[in-house]
Structures are given as C-alpha cells and as structure tokens.
Amino acid sequence: MTRRKRFKKSVLFVVLVVLSIAGIIIFKCITDSGALQAFGDLCGRSIQNRDLSGCEVLYIQRFDSRTKWPEPTKLPTGFDPASIMEIGKDPGLNIRELHARGITGKGVGVA
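In terms of our numbering, the sequence shown has 99 at position 80, counting the first letter as 1, and numbering is strictly consecutive.
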C-alpha cells in the first residue's frame with residue numbers, strides 16, 4: 020500500500036473516531052437512572068421513574084401509545100407526547116386536501 024493511501028485511510032479513521040465521540044457527547048442524555056441515546060426506541064417501555072426535564076433528545080426518540088411517561092414536571096418544558104403523536108398522524112404533502120377533493124389513488128396501478 021502506498022504512503023498516500025495509508026495517509027488517507029488514517030485521516031478517514033481519525034475523522035470517524037472524532038465524529039463518533041462528538042455524537043456520543045452531544046446526543047447522550049444522562050438521567051437519574053441511566054442514559055438515553057439520540058434516535059432511541061422507547062416503544063412500549065416504562066420511563067415513569069426518570070427525571071427527563073433536561074433531556075432534549077426526547078424530541079427525536081421513537082415512542083408509541085404504550086410508552087409510560089413520567090409526570091409532566093419531569094419532562095422538558097413544552098414536551099407533550101400526546102400532541103407529538105397527533106402531529107405524527109398527519110400524512111403531509113397536502114394528502115388530506117387531495118382526499119377531500121376525491122383523489123385517493125384508488126384504482127391506480129404501478130408497474
């Protein structure tokens with residue numbers, strides 16, 4: 020392997036390590052009973068005993084209607100799981116407007 024290729028691989032490795040460490044530091048939410056990682060999965064889990072009031076990564080967690088949340092005082096200000104679930108039900112792209120006009124895609128075939 021040439022020196023240039025080894026150098027490029029070394030630089031790439033260092034960059035990946037630095038980005039990984041930065042991601043861990045930035046996206047980790049330390050709580051009283053463990054850590055929540057960014058883009059985690061809280062579906063069906065109980066986190067009732069945690070104080071998540073300073074945990075901003077909750078906005079990018081996956082959760083469902085079975086997730087057990089702590090009382091509102093232990094959640095970040097303005098974080099409301101029920102309203103986030105409602106927003107998530109919106110299909111976007113004005114699909115509801117198209118449905119109201121009768122355009123549903125029924126009978127359309129895709130090859």
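Heads up, the beta-carbon is just placed ideally off N, CA and C, and yes, glycines get one too.
Check your understanding: DSSP three-state call for Lys125: helix, strand or coil?
Key -> The residue you call residue 125 lines up with position 106 of the sequence shown. Lys125: coil per DSSP, three-state reduction.
Practice item. Identify the continuous alpha helix (DSSP H) that holds Ala101 and give its terminal residues. Key: Position 82 of the sequence shown, counting from 1, holds the residue named residue 101. Looking at the DSSP string, the run of the alpha helix (DSSP H) that includes Ala101 is 100–107.
Check your understanding: At which residues does the alpha helix (DSSP H) containing Ala57 begin and terminate?
Key -> Within the sequence shown, residue 57 is the residue found at index 38, counting from 1. First-last for Ala57: undefined, no H or E at that position.
**Study point:** Span of the alpha helix (DSSP H), counted from its first residue to its last, around Arg115
**Key:** Along the sequence shown, one-based indexing puts residue 115 at 96. Arg115 -> alpha helix (DSSP H) spans 114–119.
Practice item. Apply the 10 Å Cβ neighbour rule to Phe26 and answer buried if 16 or more other Cβ atoms are within range, or exposed otherwise. Key: Counting from one through the sequence shown, the residue named residue 26 turns up at place 7. Exposed, because fewer than 16 other Cβ atoms sit within 10 Å of the Cβ of Phe26.
Review point. If you run the structure through DSSP and keep just helix, strand and coil, what is Arg81?
Key: Position 62 of the sequence shown, counted from the first residue, corresponds to residue 81. Note: Arg81 maps to strand in three-state DSSP.
Exercise for review: Out of Gly63, Trp88, Asp60, Arg23, state which residue places its alpha-carbon closest to the alpha-carbon of Ser72.
Suggested key: For the purposes of this step, residue 72 is taken as the residue at position 53 of the sequence shown. Among Gly63, Trp88, Asp60, Arg23, the Cα nearest to that of Ser72 is on Trp88.
**Study point:** Under 9 angstroms between C-beta atoms of Gly59 and Arg85
**Key:** By 1-based counting over the sequence shown, the position of residue 59 is 40. By 1-based counting over the sequence shown, the position of residue 85 is 66. Cβ atoms of Gly59 and Arg85: not closer than 9 angstroms.
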